[in-house]
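Protein chains: 2
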Amino acid sequence: MISQNQNVIQSDSLLSSPSSKAIDADSYFKKNTPPSNLNEITAKSAEFIATNTKLGRPVVLVTSGGTTVPLENNTVRFVDNFSAGTRGAISAEFFLKSGYSVIFLHRKHSLQPFNRKYATPELGFLDFLFISQEGTVKIKPQYEESLIHDIALFNDIISQNRLYMPTFITLSDYLFSLREITNLLNPLGPNAFFYLAAAVSDFFIPADKMVEHKIQSSEGELSLTMNQVPKFLKPLVNSWAPNSFVVSFKLETDPNLLEAKARLSLEKYGHQAVVANILHTRKNVVWIIKRDSMDKAEEIRLSDEEIKNHVEIEQYIIKKLIKIHNSFIQNSKSSS
Amino acid sequence: MISQNQNVIQSDSLLSSPSSKAIDADSYFKKNTPPSNLNEITAKSAEFIATNTKLGRPVVLVTSGGTTVPLENNTVRFVDNFSAGTRGAISAEFFLKSGYSVIFLHRKHSLQPFNRKYATPELGFLDFLFISQEGTVKIKPQYEESLIHDIALFNDIISQNRLYMPTFITLSDYLFSLREITNLLNPLGPNAFFYLAAAVSDFFIPADKMVEHKIQSSEGELSLTMNQVPKFLKPLVNSWAPNSFVVSFKLETDPNLLEAKARLSLEKYGHQAVVANILHTRKNVVWIIKRDSMDKAEEIRLSDEEIKNHVEIEQYIIKKLIKIHNSFIQNSKSSS
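Note that the protein sequences, when read in sequence, are chains Z and D. Position 295, counted from 1, in the first sequence is what this note's numbering calls 295; the numbers after and before it change by one each time, with no gaps. Numbers in this note's numbering are just positions in the second sequence, counted from 1, shifted up by 1000.
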């Protein structure tokens, strides 16, 4: 039932030229409405970046969670991308522990750093608590040690203004916010780190083609034609923040495609590294593919022992990437 | 770009007859795979219903959250329905407070009764806690009173085995579980209460038409044709649990359609009541439309004062529906 037909070009197509398949980024922004809180996100990001840069702290933008593509203007239905935001939330923690300050641009209601440990389908907030004999609320003893550690760390980070967590829901919210934050990070040059872990939609329905009200099922089958989303990595790397350190993610389900697609992405956009992973093994193995070493993907794989002990692979990913980022900064200095 | 074309019938269509638009429920179950934990859900539901019925407690099935429709077998993308599960989670609380035992069949990661108050985008778990001077974890004083109340209530309910919370993600998970639980509630006759608040997909892609791997955006536009989901309310009301008390929900964005669609649903399926609401005002006003009073929808509307004080409209909905349920039980007795 799914067909991906290159030949079906709508007569009122938004395609920017007959030969290209997707509109360009500028046209996308012209045709879509920014989120209502964009000014707030921009102002707070600017302040956050200024404060942290003044104190000599490196700043990373971590994007996390899936973007939605509404099917109606009054949205009841939408196309979503699989992501609970686990990778992004854990990664943000390891950046923070490594001394980075973090703008955590994430899907509303997706997992947040630190808090993500305490809201699982199996254990809710109230499961951690009990009422003591004195009638006060207490933490169950088995959770106390880990919680004391996390609260201390979390409160330190918040009081030092090292974590800012703006949200998005739709693809369009995400792209407008990404562009603004990127423009603000651009002056940091090679020190700016982009860790683009969000699961961004590849297809969308242009706002001017969307129906106003909930689609009625009584009218039969539903046929949808969705346009390709412009590849925003291209302007990000080439014009919004051309001297920054940019890491993108590539998630596939077919292992045969993964490495080739990651390398193609580096060639097309010219950024520094891709973290490549397969849906069903993403928690235990990833490959880091760098632009300047096209010959070999670097594998990071948890051992059976580590998997048993719930070691989080993100700590190795972040450690490796920070090392690459530091070399990148050194190289940028020596070449300038 | 969205077209809903009644004329596009696929040559290899799954339509059960040339004149109908959707396959029937039986065909749906034959063509889809049950969730891997269906046996567990069935066994636990059976035990839950037996225990609670033996103790003379009424049992309600509350469904909550949106179902997903995967676009790929190895799912990266899916169509989702707008729902955080707020209505269902709050409603379950009021059922529990009114003496009902609750099977809360909900979308994984959607809001849960009681816990939902303590996991919002604004306030995460760690925001409620601090480390005291003695080095132990404590609840911030402003939250203690409400928490003591909720923990006591929650622990009571759990220890009395009055709440069972199975989950679903996909449309197919939901429908298989719904059918099993309905079969188990059927012997309760008019005492069985179905409160079907889940936002269930109207369209799906049949499993045998789905692509195996992540759809590649490099191949151009994406065209999707989705089939209508069978109307499961029909077999539920007419054959799975024909003597039960069934309440469905109708959410629209266009106020002009709402009442007519709710009444049409009662006529078509023959259940007892519809809770009708409009997307943008659903927290402040709903209409209850009963089958046996086709002349007038009953409006439940919060006052400005109540809205200011964060009164939850679900308490009025549940109170009203329990009253209707009790009359229904009386009528069923006197007519049998």
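By construction, the Cβ of each residue, glycine as well, lies at the ideal position given by its N, Cα and C atoms.
Neighbour-count burial assignment, residue i, 16 or more Cβ in a 10 Å radius
i, result
"residue 1141/D", "exposed"
"residue 301/Z", "exposed"
"residue 6/Z", "Here residue 6/Z scores only 27 on pLDDT, less than 50, and its place in the model is too uncertain to base an answer on."
"residue 298/Z", "exposed"
"residue 10/Z", "Here the model assigns residue 10/Z a pLDDT of 30, short of 50, so the residue's position is not dependable and the matter cannot be decided."
"residue 1197/D", "buried"
"residue 202/Z", "buried"
"residue 1330/D", "exposed"
"residue 1334/D", "exposed"
"residue 1121/D", "exposed"
"residue 1182/D", "buried"
"residue 321/Z", "buried"
"residue 1303/D", "exposed"
"residue 1170/D", "buried"
"residue 1242/D", "exposed"
"residue 290/Z", "buried"
"residue 1056/D", "exposed"
"residue 1207/D", "exposed"
"residue 1173/D", "buried"
"residue 3/Z", "Here the model assigns residue 3/Z a pLDDT of 34, short of 50, so the residue's position is not dependable and the matter cannot be decided."
"residue 1030/D", "exposed"
"residue 1214/D", "buried"
Top-ranked residue by Cα proximity to residue i, from the options
i, options, result
"residue 28/Z", "230/Z, 132/Z, 125/Z", "230/Z"
"residue 185/Z", "173/Z, 327/Z, 234/Z, 58/Z", "58/Z"
"residue 144/Z", "1136/D, 1148/D, 1287/D", "1136/D"
"residue 1123/D", "123/Z, 122/Z, 114/Z", "114/Z"
"residue 109/Z", "102/Z, 85/Z, 90/Z, 91/Z", "85/Z"
"residue 1133/D", "148/Z, 121/Z, 127/Z", "148/Z"
"residue 1212/D", "71/Z, 248/Z, 279/Z, 263/Z", "279/Z"
"residue 1081/D", "1046/D, 1200/D, 1026/D", "1200/D"
"residue 1153/D", "1188/D, 1103/D, 1099/D", "1099/D"
"residue 1281/D", "1269/D, 1253/D, 1289/D", "1253/D"
"residue 1102/D", "1046/D, 1073/D, 1127/D", "1046/D"
"residue 1274/D", "1261/D, 1249/D, 1069/D, 1283/D", "1249/D"
"residue 1267/D", "1244/D, 1245/D, 1284/D, 1234/D", "1234/D"
"residue 1285/D", "1311/D, 1269/D, 1270/D", "1311/D"
"residue 1033/D", "1128/D, 1073/D, 1126/D", "1073/D"
"residue 1188/D", "1125/D, 1036/D, 1053/D, 1160/D", "1053/D"
"residue 292/Z", "306/Z, 277/Z, 263/Z", "263/Z"
"residue 1192/D", "1220/D, 1066/D, 1240/D, 1069/D", "1240/D"
"residue 324/Z", "309/Z, 277/Z, 271/Z, 306/Z", "271/Z"
"residue 1245/D", "1269/D, 1157/D, 1166/D", "1269/D"
"residue 50/Z", "164/Z, 179/Z, 306/Z, 232/Z", "164/Z"
Whole-number beta carbon distance between residue j and residue i, since they are thought to touch under 8 Å
i, j, result
"residue 1078/D", "residue 151/Z", "The pair is not a contact, with the Cβ atoms about 36 Å apart (cut-off 8 Å)."
"residue 1095/D", "residue 1060/D", "5 Å"
"residue 259/Z", "residue 90/Z", "Not a contact, Cβ separation roughly 24 Å."
"residue 105/Z", "residue 168/Z", "7 Å"
"residue 1224/D", "residue 224/Z", "5 Å"
"residue 1177/D", "residue 1041/D", "5 Å"
"residue 1195/D", "residue 1062/D", "5 Å"
"residue 1327/D", "residue 1190/D", "Contact doesn't hold; Cβ gap of about 10 Å is too wide."
N- and C-terminal bounds of the alpha helix (DSSP H) containing residue i
i, result
"residue 179/Z", "171–185"
"residue 324/Z", "314–335"
"residue 54/Z", "38–54"
"residue 148/Z", "141–159"
"residue 86/Z", "86–97"
"residue 262/Z", "255–269"
"residue 1306/D", "1304–1308"
First and last residue of the uninterrupted beta strand (DSSP E) at residue i
i, result
"residue 354/Z", "Outside the modelled stretch of chain Z, which goes from 1 to 336, sits residue 354/Z, for which no answer is possible."
"residue 1225/D", "1222–1228"
"residue 1193/D", "1193–1196"
"residue 1072/D", "Run containing residue 1072/D: none; DSSP gives neither H nor E here."
"residue 1298/D", "1298–1301"
"residue 276/Z", "273–278"
"residue 1130/D", "1129–1131"
"residue 26/Z", "First-last for residue 26/Z: 25–31, but that is the alpha helix (DSSP H), not the beta strand (DSSP E)."
task = Pull out every residue of the segment 1069–1083 of chain D whose Cβ sits closer than 8 Å to any Cβ of chain Z, in chain order.
result = 1071, 1072, 1074, 1075, 1076, 1077, 1078, 1079, 1080, 1081, 1082
query = Along the segment 1084–1115 of chain D, what residues have a CB closer than 8 Å to any CB found in chain Z?
reply = 1084, 1108, 1109, 1112, 1114, 1115
query = Which residues, taken in chain order from the segment 253–270 of chain Z, show a beta carbon closer than 7 Å to some beta carbon of chain D?
reply = The segment 253–270 of chain Z vs chain D, Cβ under 7 Å: 253, 254.
message = Using a Cβ-Cβ cutoff of 9 Å, what residues of the segment 1039–1060 of chain D are near chain Z? List them in chain order.
response = none
task = With 7 Å as the C-beta to C-beta threshold (strictly closer), list the residues of the segment 1151–1184 of chain D near chain Z in chain order.
result = 1151, 1152, 1154, 1167
ask   = What residues in the segment 1278–1305 of chain D bring their beta carbon closer than 7 Å to a beta carbon of chain Z?
value = Listed in sequence order: 1279.
ask   = If contact means a Cβ-Cβ distance below 7 Å, which residues of the segment 1215–1236 of chain D contact chain Z?
value = Listed in sequence order: 1215, 1217, 1219, 1220, 1221, 1222, 1223, 1224, 1225, 1226, 1227, 1228.
request  = Using a Cβ-Cβ cut-off of less than 9 Å, give me the residues of the segment 1123–1150 of chain D that come near chain Z, in sequence order.
outcome  = 1124, 1125, 1126, 1127, 1128, 1129, 1130, 1131, 1135, 1136, 1137, 1138, 1139, 1143, 1144, 1147, 1148, 1150
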